[in-house]
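Presented below is the structure to which this report refers.
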Amino acid sequence: MNIQRLALTLAVSASLLGLSACSPKTGDGGSMEAAYANETADEFIARVNRELTEAYPEITSSQWLASTYINSDSERISAKANERYLGMLSKYIAKAKTFPADAKMTPETARALHLLKIGVTLPPPNDPKALAEMTGLATKLEGMYGSGKFCPDNTKPDECLDIGAVSKILAEPTSSYEQQLNAWNGWHTIAMPMRKDYQRFAELSNQGAKDLGFGNTGELWRSGYDMNPADFQKESDRLWGQVEPLYKELQCYTKNKLVAKYGDKGQINGMIPAHLTGNLWQQDWGNLWPILEPYKGAGSLDINSVLQKQHDKVLNDKLAAAGGAASLSPLKFADISHEADLQYSKDMARLSESFYTGLGMPKLPESHWSNAQFIKPRDRDVVCHASAWDMNLKGDVRIKMCITPTEEDLTTLYHEYGHVYYYLAYNKLPILFQGGAHDGFHEAIGDTIVLSMTPDYLSSIGLVDKPAVSQEAVINGQMRMALAKVAFMPFGLMIDRWRWGVFDGSIKPDQYNKAWWDLKAKYQGVAPATARGEEFFDAGAKYHVPGNTPYTRYFLSHILQFQFYKALCDASGFKGPLYQCNFANNPEAGKRYWAMLSKGSSQPWQKTMKELTGKEEMDGSAVLEYFAPLQGWLKEQNQGQQCGWKTP
């Protein structure tokens, strides 16, 4: 994780307690703070960059352990490291605010001061006790999520289901309505114990935001976009307005298909039942493909079966080399299966890496292949939620996943390596500039690559047959992409709309769950099939809430990736419908992309945007251009159908 994803985003960062105790004393016995009392702005920023760079590896290591070895010891180590680091940031931010706007400094220093003031997403309270309490809660909440399991029978702990097992039930076409509902309800029980802790966590976060001069944490988060916080909220509303008509067509089509399968149980006042989308949070509808596929078999893209066959070949080869499965003990068979899982997960990761190297970007270091977490260990709890890490700002980059041989995990790998290559591209910059142009940029990098994973590209790497060219195949391909991209967009908005309300007080603690479902209804047209009273805390069943990761970035990334994709397609010289563009192995596209990545956050995002796309604003028009064939088709399918929904 880089400085923004680690210290400023995950809220698992730390206070000056330990670091200040180790600070050298000045010659006259005065404190380091006294020695730096008269430093210029340029000197101050140079010191901050130096000290943060020195502290960074310890913080990332403690977080890595807390995520990959979940226990009370790793939580304690991570919490104290977080506490120290947030304390550092608190003091830096306090001093940054003392430099007047007209103070003599370089433009680079002025930019760094600005980023320092607004970059923290877990604002540290000035009160050391409050800071310690907040960092402890942050680590505890993330650990509760990572170790969460649904136990259908509490007397049989061996039969408890982790998030992977629950997700599989939701994804399986053969699962019944009742099985899916039970699994969905079961996973959401893991968040119920978080509610009280999250309420206190939000209070402490707001205290820190106010200590930094902001009204609340939501206002602080919205300040990170080189524009006024109120203007940013309007901007995100404008972008949603551009793409909302496309989403509503997709929602209508999907709801009506569910009604055709489940009857009256397939809709709730025009809304989609939450447990029927094949996804725990209704953010990706790809698992509904068997009932949503427009034209059966057209342009077949059964990637899952190909990946599974490739995985099974690795396993069978290993079993044969060991004398055959029948000759092995259960323990030895489990060992070999684990080895096969690890080998094939790395094969999938190397396939993802090859797209980036094909654009002229460097190979990943060997340390990546030995240090990353590719699969779920057999001996401990880990956070399986996929993430990318920059451990030392010097090339020790990693991913953390529990990879399975599925299309979803393959595209997640292409996404995560976008983060990794962003890290590598801007590692040469001072640490305060090692971040995305804004946080939506970071999330869009890998997904731009995913857009280039066209049927032709997938065929070139042996995952699908040479695709047939037909209008039916085009619509099928667009539908598959829309179920991941378009279906996600309102979800990408509503999570932070909920948190902004929690932070500014418009959503009261005794209305947490009601507000959550009101927003899901408003933006997604989704509703729970069973009553969800205030005894539940359904927001906590999504990692980014207990993990304290701002989420509007993901909505923005779904706008930006299409902008970036169009710009790179233009740079590659592609001519034709946008959805057909594949810029794999194109050196000019790679050169343009790397140039943008290398800028990090060293300049306002509007300037970085213009250098790649020619525009200074985010724009959803490329989304509509890409999905134009599908949107027209959906309108035809929805004619005469019941569309729209009634919100509570």
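Note that the sequence shown covers residues -1 to 646 in our numbering. All residues carry an ideal CB built from backbone N, CA and C; glycine is no exception. Given the structure is predicted, the values throughout are model-derived calculations rather than measurements.
Given a cut-off of 8 Å on the beta-carbon distance, is the pair residue i and residue j in contact?
i: L202; j: P123; result: yes
i: D502; j: E532; result: no
i: N511; j: F489; result: no
i: A661; j: S570; result: Nothing can be reported for residue 661, as the shown portion of the chain is limited to -1 through 646.
i: I647; j: H542; result: The question about residue 647 has no answer, for the chain in this structure spans -1 to 646.
i: P548; j: D437; result: yes
i: L244; j: F199; result: no
i: S298; j: D454; result: no
i: R497; j: G211; result: no
i: K316; j: E337; result: yes
i: L427; j: G598; result: yes
i: R495; j: L517; result: yes
i: P585; j: G358; result: yes
i: S60; j: S76; result: yes
i: Y577; j: Q476; result: yes
i: V652; j: V472; result: The chain is shown only over -1 to 646; residue 652 falls outside these bounds and no answer can be derived.
i: T58; j: M451; result: no
i: T137; j: E73; result: yes
i: Y83; j: I429; result: no
i: P465; j: S457; result: yes
i: A296; j: S468; result: yes
i: V484; j: F625; result: yes
i: W514; j: A525; result: no
i: S220; j: P227; result: The identity of residue 220 in the sequence shown is Arg, whereas the question assumes Ser. Closer than 8 Å, so yes.
By how many angstroms is the C-alpha of residue j removed from the C-alpha of residue i?
i: L362; j: R530; result: 46 Å
i: S21; j: W387; result: Confidence is the limiting factor: at S21 the pLDDT is only 31, short of 50, which leaves the residue's position unreliable and the question unanswerable from this model.
i: S335; j: S165; result: 21 Å
i: S145; j: D156; result: 14 Å
i: G213; j: G117; result: 15 Å
i: K350; j: S504; result: Here residue 350 is Ser; the residue named in the question, Lys, does not match the sequence. Looking at the two C-alpha atoms, the distance is approximately 43 Å.
i: T446; j: D617; result: 15 Å
i: K115; j: S596; result: 23 Å
i: A565; j: K147; result: 43 Å
i: V380; j: E37; result: 44 Å
i: G433; j: G268; result: 41 Å
i: M346; j: L391; result: 25 Å
i: L422; j: A163; result: 34 Å
i: F581; j: Q341; result: 28 Å
i: G134; j: Y424; result: 31 Å
i: E364; j: L63; result: 20 Å
i: E406; j: L305; result: 11 Å
i: E81; j: R396; result: 24 Å
i: N474; j: I188; result: 36 Å
i: I301; j: M479; result: 13 Å
i: K78; j: Y34; result: 26 Å
i: Q178; j: H273; result: 6 Å
i: E56; j: Y591; result: 31 Å
i: Q197; j: K520; result: 24 Å
i: T153; j: D160; result: 16 Å
i: S303; j: I43; result: 53 Å
i: T410; j: A32; result: 48 Å
i: K589; j: V500; result: 43 Å
i: G460; j: K232; result: 44 Å
Can you list, in chain order, the residues of its chain with a C-beta nearer than 6 Å to that of residue i? Leave out the 5 residues immediately preceding and following it.
i: P98; result: none
i: G276; result: L168, A169, N285, L286
i: G206; result: P121, P122, P123
i: H186; result: D536, A539
i: K253; result: Q265, I270
i: G356; result: A582, N583
i: Y419; result: Y354, M359
i: A370; result: R396, I397
i: A130; result: E81
i: Y293; result: E470, N474
Tell me which residues share the same chain as residue i and place their Cβ nearer than 7 Å to its Cβ, disregarding the 5 neighbours each side in the sequence.
i: A247; result: Looking at the sequence itself, residue 247 is Glu, so the reference to Ala does not match. Counting only Cβ-Cβ distances below 7 Å, and skipping sequence neighbours, we find Q629, L632, K633, N636.
i: F486; result: Q281, D282, H556
i: A39; result: F97, A101, M103, T107, L111
i: E609; result: M594
Mind checking if residue i is an interface residue toward chain C, Cβ cutoff 8 Å exclusive?
i: Y245; result: Looking at the structure shown, chain C is missing, and only one protein chain is on hand.
Leaving aside the five residues before and after residue i along the sequence, list all residues of the same chain whose C-beta is less than 8 Å from its C-beta, in chain order.
i: K263; result: Y175, P271, A527
As an exercise, report each continuous alpha helix (DSSP H) stretch of at least 4 residues that is fully enclosed by the region 32 to 104, in chain order. 39 to 66, 70 to 94
Should the region 190 to 197 be regarded as contacting the region 281 to 288, the criterion being three or more beta carbon pairs within less than 8 Å? no
4 or more residues per run - each alpha helix (DSSP H) lying fully within the region 401 to 435: 405 to 424
If contact is defined by three or more beta carbon pairs under 8 Å, each pair taking one atom from either stretch, is the region 550 to 564 in contact with the region 439 to 457? yes
Does the region 362 to 377 come close enough to the region 396 to 405 to have 3 or more Cβ pairs within less than 8 Å? yes
To test your reading of the DSSP string, which unbroken alpha helix (DSSP H) runs of 4 or more residues are found completely within the region 531 to 606? 550 to 570, 585 to 596
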